[in-house]
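Same order as they appear, the protein sequences are chains Y and E.
The numbering of the first sequence is this note's numbering, which starts it at 473 and goes up by one.
The numbering of the second sequence is this note's numbering, which starts it at 592 and goes up by one.
Quick reminder that beta carbons are idealized off the backbone N, C-alpha and C, glycines included.
As the structure is a computational prediction, the values presented were derived from the model and not from experiment.
One structure is given below, encoded as structure tokens.
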Amino acid sequence: MERHILGYKCRGCGRVWYPNRGVCQDCRGIEFEPVPLPKNGKLLTFTHLHNLAADFEVPSLWLGIVELSNGNRITGQLRIDSPKIGMKVVGKVEPVRQVGYQTHHGMIFYKA
Amino acid sequence: MRDVYVIGIGITSFSRLEYPLVEIAAYPAIMAMKDCGLTKVDHLFVANMGASRLNHQTALASAVVDHLSLCPAGAECIENGPASGASAIKAGYMAIASGLHDTVMVIGAERLREANNLEATDFVASLTHPLAEQIYGVTLPSMAGMFTRLYMEKYGVTSRHLAMVAIKNHDNAMFNKFAHLHEPISFEGILDSEDALTNNPMVADPLRFYDMCPVSDGGACLILASAEVAKKVKRPLIRLAGVGQATDTHCVHERKEPTDLLAVRGAAAQAFKMAGVKPSEVSVAELHDAFTILEIAESEEVGFFKKGQGHIALAEGYTGLKGKLPINPSGGLKAKGHPVGATGVGQAHEIVTQLRGEAGERQVKNAKIGFTTNFGGFGNNVVALTFIKEK
Ligand SMILES: [Zn+2]
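Here's what the structure looks like:
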């Protein structure tokens, strides 16, 4: 089954939030329903990080912020050779970090 | 509300300190008591971020108050990430302004280097969003890197401007015996020479090693008092005239304009308004330059320069020690050091030293109004303070 990152749609005003929050910023609503976030978007900014926490086995990571096609923004890892601001990207939900026995899944972006 | 004064100050070296956290907290407190002649206070606030995780110590304030033989004075810890220090000063302000107490000791203390550098960076990264940021390996340097790239694209800031911040603050720290780094640096060494990439490697592209503050241990202390107490103490009268604080989204990606630091803007506006002071009247400022880009961005957000103009003022020497508005005469976080929970108290220590005219070779001439910005998270919780020297 294809994995998704979930956004949280306010039942009061319909705005989708990511990550979840207890109270809607726009209408103060407190009820939300999970909705899958789209996976394609545009790269807003990025960095190549060389000092990682000890649990990472790779020497460096590309990290970025992406604006998804529905307008939500998300932080994720990038697997792109030479990323450029504004480029089109597409995400996959894959393992991003292993902490002890726990595998965290998150969004990894590739060139669209 | 009652007026609040800073009557005593003390500080340790910001570096690697090989003594227990309680003593890192106690030493500057003893210096501050000596400074003002007080031997008792009504209350203690102890700012710290990492004791429970890095030093296996909780309830630090209870240990510190007894170590200083100040029981039964009240004491508590304030943890607000890297803005803990200024938050504790704010708590002290509220306690005195409200009339609850007449004297409050505000201590900031941190012992980060009990952990190694990677553990310390990972510890600070624990302030990011657990599911939307931390799981990806996001650290504070990586946020600063992403922020810098946008700033460069939008405002024309270059690596050279960033290096100017580092060089200036390393130069200033040469005159500060408490600073972590006593190491002058040059464009040649960190940017232009063939060895520059070896001397100054990329850490979070486009930020390099010398764009980052060091990981420091350190402690600092202010003793705050009511006007009645302050006027009996034979020290220059420095009033804590403005206190501001504002917050922003936990996730950086949720900010509408990712190059804005709205919490800095909001906190500064409050601290200026409360003091009845305009940004253009400030004589000296300590801004939270954990990364070189932050000194530039904050100098704009607090109102010293228009948005996008901070790097130009910097390049013109406006913010140098001999400039019109010296920023980070202490060396800043960049070179004085960044013992996270203690940093905000350290910034205030520098401003009080400057306003008293006791800063020696780094003294800013005719310093009358001082300002600090202590930046928590990646700008999601910011405390700003305005200090005025009174006749
Ligand atoms: Zn809503």
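Own chain partners of residue i with C-beta closer than 8 angstroms, once the 5 adjacent residues on each side are dropped
{"i": "residue 507(Y)", "result": "478, 479, 480, 481, 488"}
{"i": "residue 943(E)", "result": "597, 600, 813, 829, 961, 978"}
Any non-hydrogen atom of ligand 1 closer than 7 angstroms to residue i Cβ
{"i": "residue 487(Y)", "result": "yes"}
{"i": "residue 857(E)", "result": "no"}
{"i": "residue 641(E)", "result": "no"}
{"i": "residue 501(Y)", "result": "yes"}
{"i": "residue 484(Y)", "result": "yes"}
{"i": "residue 496(Y)", "result": "yes"}
Where the alpha helix (DSSP H) through residue i begins and ends
{"i": "residue 627(E)", "result": "612 to 627"}
{"i": "residue 681(E)", "result": "675 to 688"}
{"i": "residue 742(E)", "result": "731 to 746"}
{"i": "residue 644(E)", "result": "642 to 645"}
{"i": "residue 829(E)", "result": "Element bounds for residue 829(E): not the alpha helix (DSSP H) but the beta strand (DSSP E), 829 to 838."}
{"i": "residue 699(E)", "result": "Run containing residue 699(E): none in the alpha helix (DSSP H); it sits in the beta strand (DSSP E), 694 to 702."}
{"i": "residue 751(E)", "result": "750 to 764"}
{"i": "residue 933(E)", "result": "Element bounds for residue 933(E): n/a, residue is neither H nor E."}
{"i": "residue 715(E)", "result": "708 to 716"}
{"i": "residue 901(E)", "result": "901 to 906"}
{"i": "residue 655(E)", "result": "651 to 658"}
Spatial distance of residue i from residue j (CA atoms)
{"i": "residue 834(E)", "j": "residue 822(E)", "result": "22 angstroms"}
{"i": "residue 509(Y)", "j": "residue 549(Y)", "result": "16 angstroms"}
{"i": "residue 879(E)", "j": "residue 809(E)", "result": "16 angstroms"}
{"i": "residue 605(E)", "j": "residue 768(E)", "result": "9 angstroms"}
{"i": "residue 556(Y)", "j": "residue 882(E)", "result": "23 angstroms"}
{"i": "residue 792(E)", "j": "residue 741(E)", "result": "20 angstroms"}
{"i": "residue 751(E)", "j": "residue 536(Y)", "result": "24 angstroms"}
{"i": "residue 790(E)", "j": "residue 800(E)", "result": "8 angstroms"}
{"i": "residue 897(E)", "j": "residue 847(E)", "result": "19 angstroms"}
{"i": "residue 753(E)", "j": "residue 731(E)", "result": "17 angstroms"}
{"i": "residue 522(Y)", "j": "residue 736(E)", "result": "11 angstroms"}
{"i": "residue 577(Y)", "j": "residue 784(E)", "result": "42 angstroms"}
{"i": "residue 907(E)", "j": "residue 915(E)", "result": "10 angstroms"}
{"i": "residue 733(E)", "j": "residue 692(E)", "result": "42 angstroms"}
{"i": "residue 499(Y)", "j": "residue 492(Y)", "result": "15 angstroms"}
{"i": "residue 935(E)", "j": "residue 640(E)", "result": "12 angstroms"}
{"i": "residue 607(E)", "j": "residue 932(E)", "result": "15 angstroms"}
Chain-order list of residues whose beta-carbon lies under 7 angstroms from that of residue i (same chain, five-residue window excluded)
{"i": "residue 775(E)", "result": "761, 762, 765"}
{"i": "residue 723(E)", "result": "842"}
{"i": "residue 558(Y)", "result": "514, 515"}
{"i": "residue 870(E)", "result": "863, 893, 894, 895"}
{"i": "residue 627(E)", "result": "598, 599, 814, 824, 826"}
{"i": "residue 495(Y)", "result": "502"}
{"i": "residue 797(E)", "result": "736, 739, 740, 743, 750"}
{"i": "residue 619(E)", "result": "601, 602, 603, 698, 810, 811, 812"}
{"i": "residue 483(Y)", "result": "501, 503, 504, 505"}
Residue i Cβ short of 7 angstroms to ligand 2 heavy atom set
{"i": "residue 543(Y)", "result": "Annotation note on ligand 2: not contained in the displayed structure, which lists ligand 1 as its ligands."}
Residue i: first and last residue of the uninterrupted beta strand (DSSP E) it sits in
{"i": "residue 808(E)", "result": "808 to 817"}
{"i": "residue 889(E)", "result": "Per DSSP, residue 889(E) belongs to no beta strand (DSSP E); it is in the alpha helix (DSSP H), 883 to 892."}
{"i": "residue 574(Y)", "result": "574 to 583"}
{"i": "residue 522(Y)", "result": "Premise fails: residue 522(Y) is in no beta strand (DSSP E) and is neither H nor E."}
{"i": "residue 556(Y)", "result": "Note, residue 556(Y): premise wrong, no beta strand (DSSP E); not H, not E."}
{"i": "residue 602(E)", "result": "595 to 602"}
{"i": "residue 856(E)", "result": "Here residue 856(E) belongs to no beta strand (DSSP E); instead the alpha helix (DSSP H) covers 853 to 866."}
{"i": "residue 967(E)", "result": "960 to 967"}
{"i": "residue 975(E)", "result": "972 to 980"}
{"i": "residue 925(E)", "result": "Per DSSP, residue 925(E) belongs to no beta strand (DSSP E); it is in the alpha helix (DSSP H), 923 to 926."}
{"i": "residue 950(E)", "result": "First-last for residue 950(E): undefined, no H or E at that position."}
{"i": "residue 547(Y)", "result": "545 to 550"}
{"i": "residue 533(Y)", "result": "533 to 540"}
Contact set for residue i: own chain, Cβ-Cβ below 6 angstroms, skip 5 residues either direction
{"i": "residue 745(E)", "result": "850"}
{"i": "residue 853(E)", "result": "839"}
{"i": "residue 876(E)", "result": "918, 962"}
{"i": "residue 719(E)", "result": "725, 729"}
{"i": "residue 818(E)", "result": "594"}
{"i": "residue 940(E)", "result": "600, 602, 811"}
{"i": "residue 679(E)", "result": "636, 638, 669, 697"}
{"i": "residue 975(E)", "result": "835, 858, 859, 862, 964"}
{"i": "residue 658(E)", "result": "613, 617"}
{"i": "residue 770(E)", "result": "764, 922, 926, 927"}
{"i": "residue 583(Y)", "result": "552"}
Chain-ordered residues of the region 837 to 852 of chain E with a beta carbon less than 8 angstroms from chain Y: 842, 843, 844, 845, 849
Residues of the region 729 to 750 of chain E with a CB closer than 9 angstroms to any CB of chain Y: list them in chain order, please. 729, 730, 732, 733, 734, 735, 736, 737, 738, 739, 740, 741, 744
Using a Cβ cut-off of 9 angstroms, which residues of the region 502 to 529 of chain Y contact any Cβ in chain E, in chain order? 516, 517, 518, 519, 520, 521, 522, 523, 524, 525, 526, 527, 528
Using a Cβ-Cβ cutoff of 7 angstroms, what residues of the region 537 to 550 of chain Y are near chain E? List them in chain order. 537, 545, 546, 547, 548, 549
Scan the region 645 to 664 of chain E for residues whose Cβ lies nearer than 7 angstroms to a Cβ of chain Y and list them as they occur along the chain. none
Any residues in the region 567 to 579 of chain Y with a beta carbon nearer than 9 angstroms to a beta carbon of chain E? Which ones, in chain order? 568, 569, 571, 576, 577, 578, 579
Taking a cut of 9 angstroms between CB atoms, which residues from the region 705 to 717 of chain E lie near chain Y? 707, 708, 709, 710, 712, 713, 716
Anything in the region 775 to 797 of chain E with a Cβ closer than 9 angstroms to a Cβ of chain C? List those residues in chain order, please. The structure shown contains no chain C; its protein chains are Y and E.
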